[in-house]
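In numbering that gives the first Met the number 0, the protein residues as written are 0 to 496.
Each residue gets a CB set at the ideal place from its N, CA and C atoms; glycine is no exception.
As structure tokens, the structure follows; a few thoughts come after it.
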Amino acid sequence: MKKIKFPTAQTILLIIAGLVAILTWLVPSGKYDSLSYNKAENTFTKTSLSKTVTLAATQETLDDLEIKIPLDKFTNGDIWKPISIPNTYKEVKASPQGVTAFIKSPIKGIIEGADIIFLVLIIGGLIGIINYTGAFDAGISWLAETLKGNEYILIILVTGLIAAGGTTFGLAEETIAFYPILIPIFLAAKYDAIVPLACIYIGSTIGTMCSTTNPFSAIIASDAAGINWTTGITGRFVMLGLGTLICILYIIRYAQRVKKDPTKSIIYDQKEDIEKHFGSTTNATLKLTTRLRFILFIFISCFIVMIYGVSQLEWWFIEMTVVFLVGAIAIGVIGKIKEHNFVDVFVKGAGDLLGVAIIIGIARGVTIIMNDGQISDTLLYYASNTTNGMNKGIFINAMLYIYGGLSFFIPSSSGMAVLTMPIMSPLADGVGIGREMIVNAYQYGMGLFAFINPTGLILASLAIVKVGYNKWLKFVMPLVIILLLFTMLVLTISVYI
């Protein structure tokens with residue numbers, strides 16, 4: 000009997016898109032009124048089903064709308080997206096998404112996700128160029144020799160640094176760039192490809208889950224909840240430290256087992272194919288010359304500039320993409336690559352990540368189907384009503400699960416914050432807990448589900464590493480259960496002290 004293979008990431012996402020389309024026929028369509036701030040005219044714009052009106056940008060306007068957010072959160076730019084207005088939910092005419100909408104969704108998603116897709120393709124071209132120069136092989140050979148016997152340091156450094164990026168400025172989509180770079184290094188250290196995948200993805204996820212100064216999560220959610228973003232930050236720092244420690248120990252335990260006995264690897268049957276693809280066999284005779292060192296310096300500088308730009312200069316995908324494009328050209332010049340060869344190698348490198356780009360587009364398409372079906376606000380409305388009458392211990396854990404569930408449909412952290420916080424945060428007042436606990440439940444719920452969320456970044460990451468979703472679930476589910484129990488314990492204790 001022929002063994003049935005687990006479907007590819009693209010097929011999984013298309014199945015999910017189909018299920019979400021069916022859901023739009025079953026879940027009533029509904030909308031909250033929304034409020035946005037017009038900086039140029041210093042006014043509010045209130046949008047409802049029947050009309051759009053301009054309101055004075057005053058605290059009285061916010062109070063009249065039962066929005067418990069200080070005016071300065073809007074005027075100083077902390078809240079830049081339209082927010083939902085509490086107690087304004089109304090059912091609207093159904094907008095079920097049929098076969099045509101389903102077929103169009105991947106194309107719409109690719110168009111909407113063009114910014115990150117171009118970033119991925121340009122990074123693929125850059126990786127192709129640096130591999131062509133030989134600088135990468137020489138660097139890996141040197142690093143493997145330097146860390147001989149202490150390879151576990153790689154796990155601690157990579158996971159810790161990426162978690163730091165996640166908690167401070169929301170390092171997530173940008174980590175796509177790290178996989179082709181770090182996988183050969185970890186393979187040279189006699190680990191399997193799951194280990195670098197885990198270090199990068201789990202590091203980013205635990206960091207963003209326990210966001211401290213992340214403007215796209217902790218800060219925007221706190222602002223939308225009407226509290227200062229520093230409220231509750233001590234608890235989030237503690238959660239970050241302990242959560243990251245749990246993750247690092249989990250990865251090291253698996254990595255050491257694989258290093259000792261490669262047959263213990265979850266992807267042992269793919270060992271040869273993955274090593275061939277990523278070129279794990281380093282050339283020990285390849286010397287790290289001054290030219291190759293300078294090429295690696297330019298390469299690493301691209302990431303430093305990207306991180307600085309995103310965290311300090313408000314850069315986004317266009318600026319990040321330009322950095323990697325300029326880096327590729329600079330490396331081509333330093334490496335004395337002929338113009339025709341440069342173009343061929345760059346295009347081939349970009350082509351290697353085309354499958355990843357398509358996955359990102361299909362995932363965006365799932366969100367488009369749900370938005371067009373107008374069921375996001377309906378799900379939020381019913382979720383907010385399920386917590387009525389709960390004591391605070393049960394309430395906060397219910398919020399954790401609610402946010403985990405909602406993140407399947409709304410994987411954007413900033414989108415989730417502005418859509419849900421004005422509705423959810425006042426619920427904390429009713430059960431006698433601080434609103435920062437709702438912010439924590441939002442972050443932890445989204446973060447925990449992000450470890451496995453197929454509409455998030457995991458499928459795109461797996462496509463780069465050539466690992467199936469089923470094998471990732473086998474690896475990560477014990478960690479998710481450990482973190483879930485730990486998070487529930489922390490939240491329960493927090494609301495009673």
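### Query
So G123 and D351 are in contact, right, with Cβ under 8 Å, and what is the actual spacing, rounded?
Within the sequence shown, the letter at position 124 stands for residue 123. Within the sequence shown, the letter at position 352 stands for residue 351. Yes, G123 and D351 are in contact; Cβ-Cβ is about 5 Å, under 8 Å.
### Task
Would you identify the three-state DSSP class for A224, choosing helix, strand or coil?
Translated into the one-based positions of the sequence shown, residue 224 becomes position 225. Under the three-state reduction of DSSP, A224 is assigned to helix.
### Message
For L156, count the other beta carbons within 10 Å of its own beta carbon; 16 or more makes it buried, fewer makes it exposed. Which is it?
### Response
For the purposes of this step, residue 156 is identified with residue 157 of the sequence shown, where counting begins at 1. Under this definition L156 is an exposed residue.
### Local conformation of Y381 per DSSP, three classes
One-based indexing of the sequence shown puts residue 381 at position 382. When DSSP states are grouped into helix, strand and coil, Y381 belongs to the helix group.
### Task
Just tell me which of T167, I358, G242 has its CA closest to the CA of I106.
Numbered from 1 along the sequence shown, position 107 holds the residue referred to as residue 106. Nearest of T167, I358, G242 to I106, Cα basis: I358.
### Query
Using a Cβ-Cβ cut-off of 6 Å (strictly less than) and excluding sequence neighbours within five positions of G242, which residues of its own chain qualify?
Within the sequence shown, the letter at position 243 stands for residue 242. Only I205, C209 meet the Cβ criterion.
#### Entry: Residue of G240, K67, L22 minimising C-alpha distance to R434
Numbered from its first residue, the sequence shown carries residue 434 at position 435. Looking at the Cα atoms, K67 is the closest of the given residues.
### Query
Is it buried or exposed for S49, if we count other Cβ within 10 angstroms and need 16 for buried?
Walking along the sequence shown from the start, residue 49 turns up at place 50. Flag for S49 reads exposed.
### Query
In this structure, what does DSSP give as the bridge partners for A55?
What you label residue 55 is simply residue 56 of the sequence shown in a count that begins at 1. A55 pairs with T42.
### Task
Please report how far the alpha carbon of M398 lies from the alpha carbon of T167, in whole angstroms.
Position 399 of the sequence shown, counting from 1, holds the residue named residue 398. Position 168 of the sequence shown, counting from 1, holds the residue named residue 167. Taken atom to atom, the span from the alpha-carbon of M398 to that of T167 is near 24 Å.
### Task
Return the first residue and the last residue of the beta strand (DSSP E) that Y31 is part of.
Your numbering for residue 31 matches position 32 in the sequence shown. Where Y31 is concerned, there is no enclosing beta strand (DSSP E), given that its DSSP letter is neither H nor E.
### Task
Within its chain, find whatever has a CB closer than 7 Å to the CB of I492; leave out the 5 residues flanking it on each side and keep chain order.
Along the sequence shown, one-based indexing puts residue 492 at 493. Residues of the same chain with a CB within less than 7 Å of the CB of I492, apart from the 5 flanking positions on each side, do not exist.
### Message
Assuming Y497 is part of the alpha helix (DSSP H), what are its boundary residues?
### Response
Nothing can be reported for residue 497, as the shown portion of the chain is limited to 0 through 496.
### Message
Going by beta-carbon coordinates alone, are T46 and A56 separated by less than 7 Å?
### Response
To locate residue 46, count along the sequence shown from 1; it is residue 47. To locate residue 56, count along the sequence shown from 1; it is residue 57. No, the pair does not count as a contact, with Cβ atoms beyond the cut-off.
### Query
Would you report the Cα separation of K347 and T7, rounded to the nearest angstrom?
Start at 1 with the first residue of the sequence shown, and residue 347 comes out as number 348. Start at 1 with the first residue of the sequence shown, and residue 7 comes out as number 8. Cα to Cα, K347 sits roughly 22 Å from T7.
### Message
Only counting the same chain, and skipping five residues up and downstream in sequence, which positions put a Cβ closer than 8 Å to that of T454?
### Response
If you number the sequence shown from 1, residue 454 lands on position 455. The beta carbon of T454 sits closer than 8 Å to those of L12, I15, A362, V365, T366, F407, F408, P410, all from its chain and outside the five residues before and after it, given in chain order.
### Counterpart residues of K89 in DSSP-defined beta bridges
In the sequence shown, residue 89 corresponds to position 90, counting from 1. Note: K89 sits in a beta bridge opposite K30.
### Message
So, at 7 Å on beta carbons, what are the nonlocal neighbours of I139 in its own chain, with the 5 sequence-adjacent residues on each side left out?
### Response
Sequence index remark: in the sequence shown, residue 139 carries index 140 (1-based). Correct list, in chain order: P183, I184, A187, T281.
### Query
DSSP state of L478, grouped into three classes?
Here residue 478 is taken as the residue at index 479 of the sequence shown, counted from 1. In the structure shown, L478 sits in a helix (DSSP, three-state: H, G or I).
### Message
Can you find the residues in the same chain that come closer than 8 Å, C-beta to C-beta, to F101, ignoring five residues on each side of it along the sequence?
### Response
For this step, residue 101 is matched to residue 102 along the sequence shown. Around F101: A16, G17, A20, I368.
### Task
Mark W471 as exposed unless 16 or more other C-beta atoms lie within 10 angstroms of its C-beta, in which case mark it buried.
Position 472 of the sequence shown, counting from 1, holds the residue named residue 471. The residue in question, W471, is buried, as its Cβ has 16 or more Cβ neighbours within 10 Å.
### Query
Leaving out five residues before and five after T87 in sequence, what residues of the same chain have Cβ atoms less than 8 Å from its Cβ?
By 1-based counting over the sequence shown, the position of residue 87 is 88. Cβ neighbours of T87 beyond the five flanking positions: Y31, D32, S47.
### Message
Tell me whether the region 264-275 and the region 186-201 touch, counting them as touching only if at least three CB pairs, one residue from each stretch, are closer than 8 Å.
### Response
Segments in contact, yes.
### Whether V119 touches I175 by CB criterion (7 Å)
Counting from 1 along the sequence shown, the entry for residue 119 is found at position 120. Counting from 1 along the sequence shown, the entry for residue 175 is found at position 176. Taking 7 Å as the Cβ cut-off, V119 and I175 qualify as a contacting pair.
### Message
Can you tell me which residues form a DSSP beta bridge with S83?
### Response
Translated into the one-based positions of the sequence shown, residue 83 becomes position 84. Under the DSSP definition of a beta bridge, S83 partners with S33.
### Message
For a cutoff of 7 Å on Cβ pairs, would you count V332 as touching chain B?
### Response
As a matter of chain content, chain B is missing from the structure shown, which is built from one protein chain.
### Task
Counting only the same chain and skipping the five closest in sequence on each side, list residues whose C-beta sits under 8 Å from that of A329.
Working through the sequence shown from its first residue, we reach residue 329 at position 330. Cβ within range, chain order: I297.
### Task
State the DSSP-derived secondary structure class of V344, mapped to helix, strand or coil.
Here residue 344 refers to the residue found at position 345 of the sequence shown. When secondary structure is reduced to three states using DSSP, V344 falls in the helix class.
### Message
Quick check on DSSP: helix, strand or coil for D191?
### Response
Along the sequence shown, one-based indexing puts residue 191 at 192. In the structure shown, D191 sits in coil (DSSP, three-state: anything other than H, G, I, E or B).
### Task
Using only alpha-carbon positions, find the residue among L287, V321, R292 that is nearest to F302.
Residue mapping note: residue 302 aligns to position 303 of the sequence shown, counting from 1. The residue among L287, V321, R292 with its C-alpha nearest the C-alpha of F302 is V321.
### Message
Can you check which of these residues, V438, I219, K275, is closest to L490 by C-alpha distance?
### Response
Here the question's residue 490 lines up with position 491 in the sequence shown. Taking only the C-alpha atoms, the option nearest L490 is V438.
### Query
Between the region 442-459 and the region 253-261, are three or more C-beta pairs nearer than 8 Å?
Because the criterion of three Cβ pairs below 8 Å is not met, the region 442-459 and the region 253-261 do not touch.
### Query
K335: which of G360, T207, I294 sits nearest, CA to CA?
As a working note, residue 335 is residue 336 in the sequence shown. Of the candidates G360, T207, I294, the one whose C-alpha sits nearest the C-alpha of K335 is I294.
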